[in-house]
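Below is one structure; the comments refer to it alone.
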């Protein structure tokens with residue numbers, strides 16, 4: 001069953017805040033095997049001009065994935081999760097994320113298109129800090145394979 005095209009433009013508001021900590025950044029750096037001292041050592045980060053340790057570029061997946069899952073699980077959308085694959089992901093930063101940030105994420109379904117019997121769902125999200133300033137814009141494309149695919 002094709003996705004409901006009327007969902008294009010639908011927004012999903014922020015529903016809570018995420019406090020970025022040194023510990024969470026370190027856990028993420030360890031998980032991806034990145035020894036960069038800017039992710040681990042506050043003094044190295046300060047010497048490089050940051051207020052505290054910074055997060056690896058893909059760290060915001062921690063916020064983005066749950067927001068995408070809210071959209072995917074929306075029963076009105078009609079997305080069959082068992083037929084979904086991740087097509088693309090991107091991050092556009094205004095500044096690095098650092099320990100001490102308090103972030104929120106809101107998302108929008110930019111468009112839904114059908115091509116070759118498959119549905120393509122394009123989602124963007126805005127991640128803002130405690131002052132409401134944009135930190136990062138993310139984008140994701142999900143592909144829902146058609147019945148005959």
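In full-length UniProt numbering, the protein residues as written are 1 to 149. Quick reminder that beta carbons are idealized off the backbone N, C-alpha and C, glycines included. Just so we're clear, the structure is a prediction, and the values are computed from it rather than from any experiment.
Name the DSSP beta bridge partners of residue i, please?
i           : result
residue 123 : 109, 140
residue 225 : Since the first residue of the chain shown is 1 and the last is 149, residue 225 is not available in this structure.
residue 11  : 108
Just reading off the alpha helix (DSSP H) that residue i is part of, what are its end residues?
i          : result
residue 28 : 22-32
Since residue i contacts residue j with CB under 8 Å, what's their CB separation in whole angstroms?
i           : j           : result
residue 112 : residue 3   : 5 Å
residue 68  : residue 145 : Not confirmed; about 17 Å, so no contact.
residue 38  : residue 48  : 6 Å
Just to confirm my understanding: we take residue i, look at its own chain, exclude 5 residues before and 5 after, and list those with CB closer than 8 Å. What are they?
i          : result
residue 88 : 139, 140, 141
residue 41 : 53
residue 78 : 1, 2, 3, 4
Leaving out five residues before and five after residue i in sequence, what residues of the same chain have Cβ atoms less than 6 Å from its Cβ?
i           : result
residue 92  : 137
residue 108 : 11, 124
Excluding the 5 residues flanking residue i on each side, which residues of the same chain have their C-beta closer than 7 Å to its C-beta?
i           : result
residue 149 : Bear in mind that the predicted position of residue 149 carries a pLDDT of just 49, short of 50, making it unreliable; the figure below should be weighed with that in mind. Here the set comprises 117, 118.
Any Cβ of chain E within less than 9 Å of the Cβ of residue i?
i          : result
residue 60 : This model lacks chain E altogether, as it is built from one protein chain only.
Query raised in the report: At which residue ranges does the segment 39-85 contain complete alpha helix (DSSP H) runs of 4 or more residues, listed in the order of the chain?
Result: Taken in chain order, the complete alpha helix (DSSP H) segments of 4 or more residues contained in the segment 39-85 are 42-47, 61-72.
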